[in-house]
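Chains as they are written, first to last, in the numbering used here: chain A, 227 to 614; chain B, 76 to 213. For each residue, glycine too, the CB sits at the ideal point set by N, CA and C. All values derive from a computational prediction rather than experimental measurement. Just below is one structure, and these are the notes that go with it.
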């Protein structure tokens, strides 16, 4: 078991999420640049916190725009910046980084920002590091997340006997939540048969096993617990955080069917928070593919290997279920701009504040947020709670 | 010759012996001269013991299919091969895994199973590049 040092444990509950929001709109937005998605999300989240943009002195962002670009565009000169880019979970990891920076007085108001014109490519300069993939993956036709995550998924099916029907149940459960979220892309219910009969993309994935591709921004504002009391809404405490990276190329994973990075990040976050897997009553898991959440539940120790799908097939994850999962409708049905990790934090915060209307989880008090970067390559885990 | 797929690029200096080996129809793998760990992809430091003494060995070309996908569309602009085709992760007998394609097989989950034995088939794809593809072991 990975445990954290006493010094990391001292960071428990020292800082809070005080503001969250998306960009003005999410979806297909050809007339909104990537930078504007950031700026909309930041100004909305800062307002949600009852703060002003000029209060921001710590900027955390991942992706194509550096924190300096955001600082320049906002007209602020941050005294702390972080551009850690390890995939879609970078924003989840940055919440931990922000807590550390806030605790040490390196900044007072931290904003973690995401903006990505993933669908329309507006205001985007595409450039990717392909030094290794270009040699060892692309010549065989690999390219894009589907061609790598499918490898993990096929191997899981071989080792544990998981079935295409079981993966499909994840999409069905997630869509039920999307139906309750006005901001979600899709609201119509789907069935297992709908998933199995959707367009084959790359076995074992049909189209409905794969996340959306959208344009969206999101931002999260944090400050120290003492100052959070002066903000507009009830604070959400960062009780624990953990991060890890294992690999970039999936050939390099210790095991395809268990994510070492997810296991380590989870153990660290639980150790810091002083919680066990039984303490959560709301869960957000990065769902770029239907197989992701079950594999994360197994890697985090919430389910035995091969049994993560049972959370979805037995109705525990759905509205009214005993352990609601991906209550915003997820990357599968709500939004997925590319680096999705900011959105599970936003949803967990809203659930813990009790402001999610029809999809509100009654009594939500302790939320698990876990995300991956790349193909389970990196992981970030948060334990969030609405009281200390 | 007509090139129907992305060519390996950029070929890095530390990987050149691998690509030169493929052209000579030899599957060459880096091996740590201190701890004996055989690994892939090529790098200048052993990922197990961190020694800088790295040599090369010729692999048997045999392995098993660790995992696979059956692609129903192209995922690269330069990919001209008609789908369906098989994306393969091969577990080599010597230990490391590598990506490739499984060829000479029906592209169906009925015919393709994880852990089935496979063997290398060197396939020239351009004047300068030969790729190690794999087929079910005969």
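Supposed contact pair residue j and residue i - C-beta distance, whole angstroms, cut 8 Å
i, j, result
"residue 341(A)", "residue 267(A)", "6 Å"
"residue 563(A)", "residue 344(A)", "4 Å"
"residue 164(B)", "residue 356(A)", "Contact flag wrong, Cβ pair sits at about 19 Å."
"residue 288(A)", "residue 249(A)", "No, residue 288(A) and residue 249(A) are not in contact; Cβ-Cβ is about 16 Å, not under 8 Å."
"residue 411(A)", "residue 438(A)", "6 Å"
"residue 156(B)", "residue 182(B)", "Between residue 182(B) and residue 156(B) the Cβ distance is about 11 Å, and since that is not below 8 Å, they are no contact."
"residue 198(B)", "residue 166(B)", "In fact, because the Cβ distance is near 20 Å, the residues do not count as touching under 8 Å."
"residue 229(A)", "residue 497(A)", "4 Å"
Nearest-angstrom Cα separation, counted from residue j out to residue i
i, j, result
"residue 523(A)", "residue 514(A)", "15 Å"
"residue 98(B)", "residue 84(B)", "15 Å"
"residue 279(A)", "residue 269(A)", "6 Å"
"residue 465(A)", "residue 398(A)", "31 Å"
"residue 358(A)", "residue 561(A)", "30 Å"
"residue 579(A)", "residue 569(A)", "15 Å"
"residue 353(A)", "residue 528(A)", "37 Å"
"residue 408(A)", "residue 548(A)", "23 Å"
"residue 537(A)", "residue 521(A)", "11 Å"
"residue 405(A)", "residue 416(A)", "10 Å"
"residue 598(A)", "residue 371(A)", "12 Å"
"residue 363(A)", "residue 95(B)", "18 Å"
"residue 303(A)", "residue 284(A)", "9 Å"
"residue 207(B)", "residue 429(A)", "23 Å"
Environment of residue i [buried if 16+ CB atoms lie within 10 Å]
i, result
"residue 76(B)", "exposed"
"residue 423(A)", "exposed"
"residue 121(B)", "buried"
"residue 186(B)", "exposed"
"residue 78(B)", "exposed"
"residue 257(A)", "exposed"
"residue 171(B)", "buried"
"residue 242(B)", "In the structure as shown, chain B begins at 76 and stops at 213. Residue 242(B) is therefore absent and cannot be evaluated."
"residue 236(A)", "exposed"
"residue 472(A)", "buried"
"residue 481(A)", "exposed"
"residue 103(B)", "buried"
"residue 179(B)", "exposed"
"residue 530(A)", "exposed"
"residue 80(B)", "buried"
"residue 443(A)", "buried"
"residue 402(A)", "buried"
Sequence-distant residues of its chain with Cβ nearer than 6 Å to residue i (five each side left out)
i, result
"residue 607(A)", "468, 491, 492, 495, 596"
"residue 594(A)", "506, 509"
"residue 532(A)", "386"
"residue 582(A)", "576"
"residue 486(A)", "472, 480"
"residue 470(A)", "487, 490, 491, 605"
Min CB distance residue i to chain A below 7 Å
i, result
"residue 197(B)", "no"
"residue 176(B)", "yes"
"residue 142(B)", "yes"
"residue 172(B)", "yes"
"residue 192(B)", "no"
"residue 124(B)", "no"
"residue 110(B)", "no"
"residue 216(B)", "Lying outside 76 to 213, the shown extent of chain B, residue 216(B) is not represented and no answer is given."
"residue 189(B)", "yes"
"residue 211(B)", "no"
"residue 216(B)", "No statement about residue 216(B) is possible, as the shown extent of chain B runs from 76 to 213 and does not include it."
Own chain, CB closer than 8 Å to residue i, minus 5 neighbours either side, in chain order
i, result
"residue 587(A)", "507, 508, 550, 553, 577"
"residue 321(A)", "243, 338, 446, 448, 464, 467, 571, 606, 608"
"residue 299(A)", "261, 264, 265"
"residue 124(B)", "107, 109, 110, 112"
"residue 391(A)", "418, 422"
Chain C contact residues for residue i, given Cβ-Cβ distances below 8 Å
i, result
"residue 148(B)", "This model lacks chain C altogether; the protein chains it does include are A and B."
Contact with chain B by residue i, beta-carbon distance below 7 Å
i, result
"residue 345(A)", "no"
"residue 598(A)", "no"
"residue 583(A)", "no"
"residue 531(A)", "no"
"residue 365(A)", "yes"
"residue 380(A)", "yes"
"residue 601(A)", "no"
"residue 387(A)", "no"
"residue 373(A)", "yes"
"residue 317(A)", "no"
"residue 320(A)", "no"
"residue 518(A)", "no"
"residue 562(A)", "no"
"residue 473(A)", "no"
Chain-order list of residues whose beta-carbon lies under 7 Å from that of residue i (same chain, five-residue window excluded)
i, result
"residue 374(A)", "368, 476, 601"
"residue 308(A)", "286, 293, 320, 323"
"residue 574(A)", "508, 510, 593, 595, 610"
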